[in-house]
Structures are given as structure tokens and as C-alpha cells.
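Peer 1: Below you'll find the structure I mean.
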Amino acid sequence: MNDAWNRMFKKKTQKVFNDEIDSSSIEQDLGHSLEDNIINIKEALGHSGDLIIREFEMGKPFMHKVATIYVNGLTDKDLMGNLVIEKLMADTNVVENEGEAWAPSQIGIYIKDHLLTATHVEVAIDLKKLLSLLLTGQTIVLINGLNQAFGCASQGGELRSIQEPTTENSVRGPKESFTESLITNTSLIRRRIKSPNLWLETKELGKITQTVIGVMYINGIANEKLINEVRERLDKIDVDEIQGSNTIEEWIADDTFTPWPTIMVTERPDVVSGNLLEGRVAIFVDGTPIPLIVPTTWNQFFQTAEDYYLRWNISGFLRFIRIISFLITLLGPSLFIAFLSFHPELIPTPLLINLAAQRQAIPFPVIIEALLMEFTFEVLREAGVRMPRPVGQAVSIVGALVLGEAAVSAGIVSSAMVIVVAATAIASFTIPHYSMTDAVRLLRFIMMLLASTFGLYGIGLGVILLVSHTVGLRSFGIPYLSPFAPLIVADQKDAILRIPIPFMRKRPHLVSQKNTNRINTKKGGQIGEGNE
Amino acid sequence: MNSLLIQRSYKILLCVLSILFTSGCWDSNELQDFSIISGIGIDKGGDDPEDRFRTTVQIINPSIVSGGQQGGNVQSSPVTTFSETGSTLKEALRKISNEAPAELFFPHIQIMLIGEELAKDGMKELFDVIERDPKFRVLFPVLIVKGHTAEDALKVSTSLRPVPSANIEGSLESSKEIWGEFQSTRADQAIMKLAEGSVAITGIQINGKVEKGNQTANMQEISQSAKLEIKGLAIIRDGKLEKWLEGDPARGVVWVNNEMEQTVMNLDCPEKKDAVAIDIGRAKSGIKVKVKKDKPVITIKINAEGDVLETHCPIELDKDKTIKRLENQLSKEIKDEVMTTIKTVQEEKTDVFGFGEYINIEDKNYWKKIKDKWEEEIFPESKVNVEVNATIRRTGMKVKSYIK
Amino acid sequence: MEKAKVNGIQLFALMFMFNLGTAVVVSYGIGAKKDAWLAILLGMSIGFCLFFIYYRLFCHYPKLPITGYARKILGNYFGWIIGLFYVLYFLQIATRQVRDFSELIVSSTMTETPLLAIQISFVLVICYVLNQGIEVLARTAEVFIVILFLLGAAGNFLILVSGEFELHNLRPFLENGWKPILSTAVLESSHFPFGEMVVFTMLLPYLNKSGSVKKVWMSALLLSGLALSWTASLNIAVLGVDVMERTTFPTLATIGKVNLLDFIQRLDVIVVFTMLITVFFKGSLFIYGAVIGIVDLFKLKNHQQILLPVGGIIIVSAMTIATNFSGYMEEGKEGLRPLVFALFLYFPVLMLIVSTIRKRLKQKTN
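Quick mapping for you: the protein sequence lines, in order, are chains A, B and C. Heads up: the first sequence is residues 1 to 532, going by our numbering. Heads up: the second sequence is residues 1001 to 1404, going by our numbering. Heads up: the third sequence is residues 2001 to 2366, going by our numbering.
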């Protein structure tokens, strides 16, 4: 199925772009003439307005024609000015080669080794490499008569600063979140884990977007097989564009036909570092402030960073509440439908009389009413997200209260149904990770259909189906439902409840597999010297 | 790949089939399509087998009961009754559908009333449908209507709880818990006991003008013209009503069955009779049987504990002597009450207490021998001992009375 | 045969829920009247003896299911026929499970639904789960045994607290002497459900640690026997022997009596769900046993191919094996007896004897 998708994607994008990109022009090498090179570069970029070219002469004793090229907005102009242009224009006291004229290649070597004080200089021989350097924000130095170009590190431009997380707030923990720049993100991790074993592998994916992907893991804790698997799956991606971490997620995920998310996303550095220390692998995508973490298990989606900053008893209680809310949001409307339509004898009598009184005036059967309300709520939710912020608050309050009230008074829905739907929605907000909430939203509808057909028996069947489906899932080799099935007793310490930190001695078994000791109280060694 | 395809075809198959089934979800019902029955009454019909039973159902009108959204239409009655005759209960119930607006819904029946006439004729067979039909749940109490038909009793409107069946059930519960005179027999308990032999079922009667009861005006009056009262304990033997017990003999049954929770016993003063009221707060009784010389000897041990909470004579409640004297009186009172009950029951040759089972537990071989003769011959002649241990703990908020 | 591995806890969960099966809901062991609990315990001890037979056979042939070593022990032709008998037996019992369950649902809560609807949905779900392999079934069992324990604990707790439990309903002990107890134990309790554990001989080759078979099987047997015995006693204590004899689903009636605070009432749901879970696993295991047997006997590639057709057979036969419930129960109690005894007792004993003799002979010749 992946191949079919692959084929569909490839054909489309190739059709659109292939004709316009004239690959032949890019493949050529640089010539010797400065003018020609400049013309080639200009043409390759279609005379883009943000391409700034400055031709000038070097200072004494060279007095040679050179040019600097950069893309406006991608570079730090001050850096460029100080490190490149100023150094080139200044007069130097060079004693070598006295008397003789400088050959362009010698000039090139001298510039590269002595004049360019940029932190990083790369040499480009062909146009393709030059353009890629140019487009990552480096300043290109061209020398007349030399068929090489130098790219100097001068990346800059406007980037978003490190701000507070928007979706994963914490009261007591750090308040940093990732940004769009890969280097900033990885630096946030490095600040937390100052170990030399924290390794980063980068590659570029996406033929046109040339997005940089970073894979981070801790050598010695992360499983070799896992790292290889991640590398393999990333290498298989052969597309034109990488739009964000979601694209990567869908490419490398295990089984795309499941409602459950099998890869976790987060925007907090402390979550990532915590997972890395358990032996997981993080995948950063340049341009997206949300990295991926693999492998994941089901219970991780119910854990927040906050759990580790609060005391163990309250965090255990909160996790328990989250799981109960999950059950409410999954089964709430279906149980309501089942009891009301199929098993009214199982409802206590006073409650039944109240419900019957409410339903006297309603023209719809229960299932239609439930679907109507759920659907309305989904529409409200989507509208609330898309609304511009100042208007958003008012709409949600108006929508919920007025609509609900009016609908009940008009006799279209019953108050009990409104309560059930509202409770379901509120319960769904307790799930910390959005991808899991989405999964539940879809599953809820299936459960409602089953309940409306077979009542409680239908719900029972649905639960069995869901559990057996989930139990067979794997996320990068780890069974999705561990540590519940297969039951790993040692891992239960952090699964639902969280026991106090001094008692959490081992890392999750299946993920780390070797090196499972967190605490080396006796040995006092480094990471990597734990038990196998 | 192959298994993935098969797996997907399973899912599709499931989806398709569930769509098929949605077109006729057989058991799905809407609540508004139900007439919720709160009480059911069975009377004797005619002599014709066609009309053997007359069944009455009391149906709740939910919007009136729960406060409604129409702003409370007080004129409309919270319940409605329908009656029909038939040779079996099921037949009569289905005939009612000609009159009732929706399908009858049985699981929330709160009370079952049996007319006295029918009880005298024999009511053993009535409970089979309740056991067998899954739509009936067996936990509701059963009462026998004294002096009137069940149909009439179900028509009486009540004020404090708008649904009369709930009202009856409530009075039964509180009577059992607070006054202790009558016990609550659930349908399943009745069935168990009917299968074995005799049973005691509480009665209910209508006080006042029965015709006035059949109106909502009745429940708007401050002192209602027609009221329902839990009264009397019916002794049923072989499914037939034999005798009514009332007052203290009825209470004796509750003592023996270990169902007494709270009650009031009156003791004599030197000057006045029945002038000191003891609030019994705890009571426990146990039955033991021994077989001596081929005859069963039944011993009933009763423990009761109470406080003096009302007195009409100036007795000295601050003295231990007085209290001890009162305790002895109390024990004697309870013992007399229980003995009267036992005598009455023995005269009627009905073992409503299930002493037979105790004999069985004690000596099963002996029981096998006498099982068939137990109620008729042996029980009336058996010796029953009653031992009462009564304790008076406190005298309330005051010690001596203000009465001089 | 799949390359799947099942660990000890999963096997325990499967066995435990299998044994509870329908026995936890119907009037089980009532032939012994008030001493049903004793009859069940005796049946459990017979189950232990049976276990030893199966275990010995397993030790002789640790990698083969019973259809496999039947052929090895008794020769290819005769063993093949015996294997076929086993497959047919598994199919028959699987059919009965499906029919039992749909009867329960229809007679207690959903009275208008046709049996076919319930049977089709039930069998389809089983097929879906089995299609993914025994590992998925085992892991699902791990999850559900926790749920089952919770349901059972809640149910038992509520019944005990409700005050309906009357110990004297269980007395006098041995009211009718030992005869009914022994006859019930030998004729009923031994084969239902303990004798039916013969289906696990098809599964034992999958266990990842062969050494733990003994521990797992015995603890599951013990625990389920105790659970069943306790349930039967609970039912008798709450309902009384007379009522329990006459009721089709006594546990349902027992839980129906719970009424706490006038609010916690009508808890039939607990029992219905319990039965759904236990019968689901029992049915799955029998169907799986039949399918594996067919794969083994007919040398098929994998079990997925034959799964749906077997499901279809089960559905059709579930509809046709009996036209009314009373005849169906009679058939289950008396009609099947000779066949069932042969399969779980006579054949394994025969095979064990032959196999032991063969081994002795081999040792002598070596």
C-alpha cells in the first residue's frame, strides 16, 4: 500500500516540476570567468529579486576582482559585512610572492586560509553545490579566473525565538518549547544532556525542499536495531517535498490503517530528553517545531511532562483520571444510547422516569439525536480552532450555552443528551496528546453505531475488536500495548501510576533492552556500564 | 500482504453486515414508546376460565411526575390504570394494549397487589409468569389487599409521593424499618416459601371512601378522603389465605424472622398500664432446633436493646433497680408477644417461619422421615421455647421525668 | 503451524477464562444439589488426573499438537482418523458455545433479536481476532483477564454486601449422601469444563518456556475450579437450591438481587459482560483448535485460508443443532456424553499407554 501511495505522489509532483527545472544547467561546473559565473547563477535562480550580488576589488596587494553573492533574508548582513567583505577589501601585509602577480588559484587559497574569518568555509566546484550553499544562507565568494567558489557561514535572518509551549503547558517544569530551526532545537537538547554519547545524525530529504532531518539518540542506551530501523525507513523516503514532521510520521509509521497514533510528537525539550534517556530516538525536522519520538506505546499518550514535576501520589491520581476520562469519552455516548434504547430495565426507576419525561417531547430516536449532537460539537470545535483569537472566546461560549439551551427548549434534543455530549467532550480534553484525542473522536462514532445496533452486546464486541486490534500493533518493533500485554511487571512502575523516583531503577525493558539500570548507586559508573 | 488483504476484507465485511443490521435493530426501542408500569394488581375475575384473572396495571405519566416542562399541569393525574380479564395473566396484560397508549414496560414494577378474594381461592400459580418472563424482575414487594380489590387499591391517589405504587412501597419500607409490625415480602421470597409450604404476606387496606380515591382531588386535600394503609399480616397456607394477623401477633412474626429493626414496646407502670415506652433500637433473633426423643424442640433466642424515651408516670429512671425491673418487664412482653404468634400459627398449622428447614439442617435423616407430616401433625404439637434477653441502655436526654 | 510465542501469563489467562466459560453462568453441578461445590471440586481433581495424562503425552512430543502425535503413536491412518475426530469434536463444542451465548443474550436481555444476528457477529469477531494469530489472542486474553477479575470482584463484593447471602441455604451438608455428588462429579463436572481442556494440547507447542506448562496448567485449573465452586455456592446461598435448579442462568438471577441504597441495582450487565468475555475466549480456542487441526491434518499452508469457511460452518450448525432450548440442553447433558468421554479420556489414555510402551521398547533395543 505504501508503494501505491508512493507511486501516486511521485507521478503528480514530477509532472508539475520536472518540465520546469532544467537540470542540465545546474549540473555544470563553474567556469573561470566571473561574469559568466554570475550570469549563470542569476539565470539558475530566475533573476530572483532577493539575490544580492556585489562585485568589488580586493585590497592591496591583490587588487583582484571578486564578487559576493547572498540571498537577502537568509543571511546576517553584519556578519557578512564584517567577516567577508571587510576582510576582502582591507589591505593586507602579505610578503609572499613578491614581485610576481598573484595567480587566481593562489589568491583563492590565501583568501580561504587567511582572510575569510567566517567560522566555516566550504568549497564549491559545481553550480549545484554552490546553489545549495547559497540557499542555506551562506555567502558565496567568487574570484575572477578561479573555477571554485567559497561559501562562508553567515546564516541569520529572522527566526522565532524560544517561547512557551502552546499545547503542553506545565506549572512547575521548564517553559521552553521548540522552534522552527533544527540547530536551535538540538541545542536545547544538548543543554539538557551534556553527554558526549548524545549523537546527532543529519540528512537531507525532499528533492525540492531539501529539508534537513536530524536523528538524535544516546549511544549505548538506544537499541542498535532501532537506530538502524529508523535510518532505513528515513532513507526509503524519496519525495519532492517534506512539509513537516507529519509527512515524515506518515512515511515511517508502521501501519497507517490504524486509528491509534504510533509515533509521539511533542513540543517540549524536557519530554524529548526524558525519552532519549529511556532509549528512544528523536527525529527533528527543520522548519517544524514539533519533533517525533519513536518508538511509542499506548500509555505514553497519557503521560505528561508535568507528571514528573509533581509528587508521585498526585500524578498517579491524575493519570488515573486521564484513563477514566478516556473511557468516558470513548464509551460515554454509546453507553447512553445502549441503555436508553436497548436496556431501559437496567436503569434505576427514578432516573428512568426523569429520562422518559424528557424524551416525551423529542421527535428523534436516540441514535439520531446522539449523532446530531456529536456532529454539532465537532463543528463547534473546529470553528473554535479556526476563529481569529479575539472572536474565538465569545463564539465558544455563545455556541455552547445558547445553542444547547435553545435546542433543549425547542425540544430538538433532550437535556440528558446535552449533558452526555458535554461530559464526553470535556473528558476528551484531559488527554494530553492531541493525536490520541483525534483517534478517540473517530472511534467514538464507531462505538455509537455498534451500540445502536446491538446495545450493550455491541459495545462489548466493539471493545473486544478494539483491544485485539490494538494488541497486534507494533511501533518500531515494540508491541503497542506493552507493558500491559505482554505483561512486563517491572515496567508497571511508570505505566499508569507513577511510583516515587527513587524507586524507578530500571528503564522500560523492551525499548532499551540492554542497559536497563537508571541508577548506578553501587557502581558509580557512566551511562553504558549498566547491566545487560 | 495476503493476510493484510484478508484482514481488510474482514473489516469491510463487518461494516457491511452492521449496516444491514442497522436497518432492523430488533431490540431497539424508544423510551417514549413505552408505558412504564409502576404497579400491578391481580384480582379474581369471573368463574369462567376465560375470565379467570382480572389484571390491573398502574402506568406512570412521566412528565407529570418529574416536574415536567409544561410548567406542571396539576390537574392531570400522575398515573393511570387499566384493567382487563383473561385466563392467564399474560393474556389479560396483552388485552390491556387495546387501551394503553404504548407497549407495556414491566421491569420497573414497584409493587404487586393481590385481591383478598383471589388470595382466599388460591394464589400459588400467580408467580410463575413473574419468574419465567425475563421482562419481569422479581424484587418488588407483594401485598394482599384486605377488604377491597386490588383494582380499587391501585386507583387511590396519594399526595406525598405522586406515584401511588412508590407511596405504598415507601410506607412498607418505613413500616418495616421503624415500626416493625409488618415485614416486606418480595416476590422472589414469596416464591421460595410458596414452594416449600407456608408464607406470611403483609396486607394493605383502603381507609375512607374508595370512590373518592379515584380522583386527583383526593391528593389535593390536606387530609385525604381515601388513604392507603399497610395493615395486617396474611397467613397463607398451600397458596390459600387462611387468616389475618394484626397488631402484636403480627409483630411477633417479625421478631422471630430476625427482621425486626426498630419498634416501640409499651410497659406497665405501677399505676398505669402501657405507660412507659421503650424504643427498641436493635434486635436480633436466632432459631435453634434440637431433636429429642424423636420430637423436635425449637428454641428461639431474642436479643433486644432499647432506650426509655417516653414515660407517663413518675418512675425513678435514675436507679439501676428500676431499669432492671423494666428490663424484666420488657423481656416478658416480648416473650408473650412471640408466644401468642407461635400459638396462632400452630393453630393454623402453618409453618411460616420455616422451622422445617432448621430441622433439616440439624438432623437430615429425621427430617426425611417427618417431612410430609410436618405441617399437619408435628408442627402444631411441637414445643417452642422463647428466650428473651432485653437490655435497656439509656433514658434519653433526661433522667427523671418532670411528672410528679 | 505458526511461528508464534505465548508466554506463561497469557496461557494462564486463556485457560482460566476458558474454564469459566459458560459454566460460570449456568446451573453447574446442581445434580449434587446443595453440595454442588463439592462436586465441582471433585471434578477439578479429576481434571488434575487428566492433566497428568496430557502432560505425559506432551513430554513425549513437545512440538506436536494432539492431531500430530496421534498419527505418530497410532500409525498414520488410524491416527489421522482420531485427529479428525478431535477436529470434529472441537467444532461441535465451538458450535455449542456460540449457541449458548446467543441463547443467553436473547433470553435475558435482547428478546427480539434473531439468534443469527448475534451468532454471525460473534463468529466474525472471533475470526477477525484469530486471523491475526494466536499471539494476538493471547495478548487480548492478558488484557481481558484483568477486566474479568475486576468484574468478578465487583460482582462478588456487591452480592456479599447486599445481605442476600444466606449460609444456611447450603446446609445441611451431604444432605443426599455421597452418591449424587460422585455421580455428578464423574459424569458432569469432569468433562465440563475440565475435560474440555484437551483442546489446549493443540496449543502447548506454542509456549515459549516448555518447562512452565505444569505450573501454568495446574494453577489455572486450581484457580478456575475454586472460582466455579465458589460461584455455585454463591448461587445456592442466595437463591436456594430449588430456585437454582429451575433457573436457566442462575448467576444472572443472583446478581439481579443486589439492591444497595436503592441505586446500585439491576446489575445484570456485569454477568452479561463476564459471559461475553469468557465465552468469547472459549469459542475462539475451540475454533482455533479445529483450524490448527485441519491445517495439520490436511497439510495446509497457513490457518488464515481455512478460518472463514470454518466460521461459516460454525454459524450454520449453531443455527441447526437444536430447534428449542430444552432439547438443546438435554443433548448437551446426556447426548454428547459417550463421544466426549472417548475424546478426552479414552483416546489420550490409549495413546499414552501405546506411547509409553513404544518408548520402553525403544530403550530396550538401544
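Ideal placement from N, C-alpha and C gives every residue a C-beta, glycine not left out. Small disclaimer: the values here were computed from a predicted structure and weren't measured.
Locate the alpha helix (DSSP H) running through Met-1339 (chain B), then write down its first and last residues.
Peer 2: Its alpha helix (DSSP H) spans residues 1320-1347.
Peer 1: Whole angstroms are fine: how far does the CA of Phe-484 (chain A) sit from the CA of Gly-156 (chain A)?
Peer 2: When rounded, the distance between both Cα atoms is 48 Å.
Peer 1: Is it true that the CB of Leu-2057 (chain C) sits closer than 8 Å to the CB of Pro-2348 (chain C)?
Peer 2: Their beta carbons are under 8 Å apart, which means Pro-2348 (chain C) touches Leu-2057 (chain C) by this criterion.
Peer 1: What residues in its chain sit with their C-beta under 8 Å from that of Leu-473 (chain A), if we drop five residues either side in the sequence?
Peer 2: Cβ within range, chain order: Asp-254, Asp-255, Thr-258, Trp-260, Thr-262, Pro-479, Tyr-480 and Leu-481.
Peer 1: Would you identify the three-state DSSP class for Thr-2356 (chain C), choosing helix, strand or coil?
Peer 2: It is helical.
Peer 1: Anything in chain D within Cβ reach of Glu-1261 (chain B), meaning under 9 Å, just list it in chain order.
Peer 2: No chain D is part of this structure, whose protein chains are labelled A, B and C.
Peer 1: Just the C-alpha distance for Pro-291 (chain A) and Phe-284 (chain A), rounded to the nearest angstrom, thanks.
Peer 2: Distance between the alpha carbons of Pro-291 (chain A) and Phe-284 (chain A): 5 Å.
Peer 1: Taking C-beta pairs closer than 7 Å, name the residues in chain A that Pro-1062 (chain B) reaches, listed in chain order.
Peer 2: Those within 7 Å of Pro-1062 (chain B) in chain A are Ile-353, Ala-356, Ala-357 and Gln-360.
Peer 1: Below 8 Å on the Cβ atoms is my guess for Val-1253 (chain B) versus Ala-1200 (chain B); work out the distance and round it to an integer in Å.
Peer 2: About 5 Å; that satisfies the 8 Å criterion.
Peer 1: I need the boundaries of the beta strand (DSSP E) containing Ile-1392 (chain B), first residue and last residue.
Peer 2: 1383-1394 is the extent of the beta strand (DSSP E) around Ile-1392 (chain B).
Peer 1: When you compare each of B:Arg-1137, B:Ile-1178 and B:Ile-1230 to Ile-1191 (chain B) by their alpha carbons, which one comes out closest?
Peer 2: Measuring from the Cα of Ile-1191 (chain B), the nearest candidate turns out to be B:Arg-1137.
Peer 1: Select from C:Lys-2005, C:Gly-2008, C:Ile-2009 and C:Leu-2020 the residue whose C-alpha is nearest the C-alpha of Gly-2283 (chain C).
Peer 2: Of the listed residues, the one whose Cα sits closest to Gly-2283 (chain C) is C:Leu-2020.
Peer 1: Counting contacts by CB-CB distance shorter than 8 Å, is Phe-1053 (chain B) in contact with chain A?
Peer 2: No, its Cβ sits nowhere closer than 8 Å to a Cβ of chain A.
Peer 1: Let me know the secondary structure DSSP gives Ile-1403 (chain B) once reduced to three states.
Peer 2: If DSSP states are grouped into helix, strand and coil, Ile-1403 (chain B) belongs with coil.
Peer 1: For chain A, is any of its Cβ atoms less than 8 Å away from the one on Ile-1392 (chain B)?
Peer 2: By this cut-off, Ile-1392 (chain B) is not an interface position.
Peer 1: Which chain A residues sit within Cβ distance under 7 Å of Leu-1031 (chain B)?
Peer 2: What Leu-1031 (chain B) touches in chain A: Leu-340, Pro-344, Leu-355, Ala-356 and Arg-359.
Peer 1: Any contact between the region 174-193 of chain A and the region 109-122 of chain A? By contact I mean 3 or more CB pairs, one from each, below 8 Å.
Peer 2: Counting Cβ pairs under 8 Å, fewer than three are found: no touch.
Peer 1: Output the distance between the C-alpha atoms of Asn-1073 (chain B) and Pro-1062 (chain B), rounded to the nearest integer angstrom.
Peer 2: At Asn-1073 (chain B), the pLDDT of 48 sits below 50, so the modelled position is not reliable and the matter cannot be decided from this model.
Peer 1: When DSSP builds the beta bridges, which residues end up paired with Trp-1244 (chain B)?
Peer 2: For Trp-1244 (chain B), which the question treats as bridged, DSSP gives the partners B:Ala-1234.
Peer 1: Is it the case that the Cβ atoms of Thr-2254 (chain C) and His-343 (chain A) are separated by a distance below 8 Å?
Peer 2: Not closer than 8 Å, so no.
Peer 1: Is the region 2219-2237 of chain C touching the region 2060-2072 of chain C in the sense that three or more CB pairs, one from each, lie closer than 8 Å?
Peer 2: No, because fewer than three Cβ pairs between the region 2060-2072 of chain C and the region 2219-2237 of chain C fall closer than 8 Å, the two stretches do not touch.
Peer 1: Buried or exposed: which applies to Arg-2358 (chain C), given that a residue is buried once 16 or more other Cβ atoms fall within 10 Å of its Cβ?
Peer 2: Arg-2358 (chain C) should be labelled exposed.
Peer 1: Ignoring anything shorter than 3 residues, give me the beta strand (DSSP E) runs that lie fully in the region 335-420 of chain A, in order along the chain.
Peer 2: Listed in chain order, nothing qualifies, since the region 335-420 of chain A has no complete beta strand (DSSP E) run of 3 or more residues.
Peer 1: Give the straight-line distance between the Cα atoms of Asp-1033 (chain B) and Ala-1100 (chain B), rounded to the nearest whole angstrom.
Peer 2: Approximately 11 Å, taken between the alpha carbons.
Peer 1: Tell me which residues of the region 1092-1104 of chain B have at least one Cβ-Cβ distance to chain C shorter than 8 Å, keeping chain order.
Peer 2: Within the region 1092-1104 of chain B, no residue has a Cβ that lies closer than 8 Å to any Cβ of chain C.
Peer 1: State yes or no: is the C-beta of Val-2269 (chain C) within less than 8 Å of the C-beta of Leu-456 (chain A)?
Peer 2: Going by C-beta atoms, Val-2269 (chain C) is nearer than 8 Å to Leu-456 (chain A).
Peer 1: Alpha carbon to alpha carbon, what distance is there between Ser-2233 (chain C) and Asn-1303 (chain B)?
Peer 2: Those two C-alpha atoms are separated by around 30 Å.
Peer 1: Rank B:Val-1256, B:Glu-1091, B:Asp-1307 and B:Ser-1038 by C-alpha distance to the C-alpha of Val-1129 (chain B) and give the top, closest one.
Peer 2: The residue with the shortest Cα to Cα distance from Val-1129 (chain B) is B:Glu-1091.
Peer 1: Determine, using beta-carbon pairs with one atom in the region 1101-1119 of chain B and one in the region 1148-1163 of chain B, whether at least three such pairs fall under 8 Å.
Peer 2: Touching, yes, given that three or more Cβ pairs across the two stretches are closer than 8 Å.
Peer 1: Leaving out the 5 sequence neighbours to the left and right, which residues in its chain are closer than 8 Å to Cys-1269 (chain B) when beta-carbon positions are compared?
Peer 2: The residues are Ala-1275, Val-1276, Thr-1311, His-1312, Cys-1313 and Ile-1315.
Peer 1: Could you list which residues in chain C have their beta carbon closer than 7 Å to that of Val-471 (chain A), in chain order?
Peer 2: Those are Val-2136, Arg-2139, Thr-2140 and Val-2143, listed as they occur along chain C.
Peer 1: Would Phe-534 (chain A) count as contacting chain C if we go by Cβ distances under 8 Å?
Peer 2: It is not possible to answer for residue 534 (chain A), since the shown part of chain A is limited to 1 through 532.
Peer 1: Spell out whether any CB of chain C is found under 8 Å from the CB atom of Arg-1282 (chain B).
Peer 2: Judged by the 8 Å Cβ criterion, Arg-1282 (chain B) is not in contact with chain C.
Peer 1: Per DSSP, what kind of secondary structure is Thr-2022 (chain C) in: helix, strand or coil?
Peer 2: Coil at Thr-2022 (chain C), not helix or strand.
Peer 1: Can you tell me which of the three DSSP states Ser-24 (chain A) falls into?
Peer 2: With a pLDDT of 48 at Ser-24 (chain A), under the threshold of 50, the modelled position of that residue is not reliable, and the figure given next carries that caveat. DSSP places Ser-24 (chain A) in helix when its eight states are reduced to three.
Peer 1: According to DSSP, simplified to helix, strand and coil, what is Asn-299 (chain A)?
Peer 2: Residue state, collapsed to three classes: helix.
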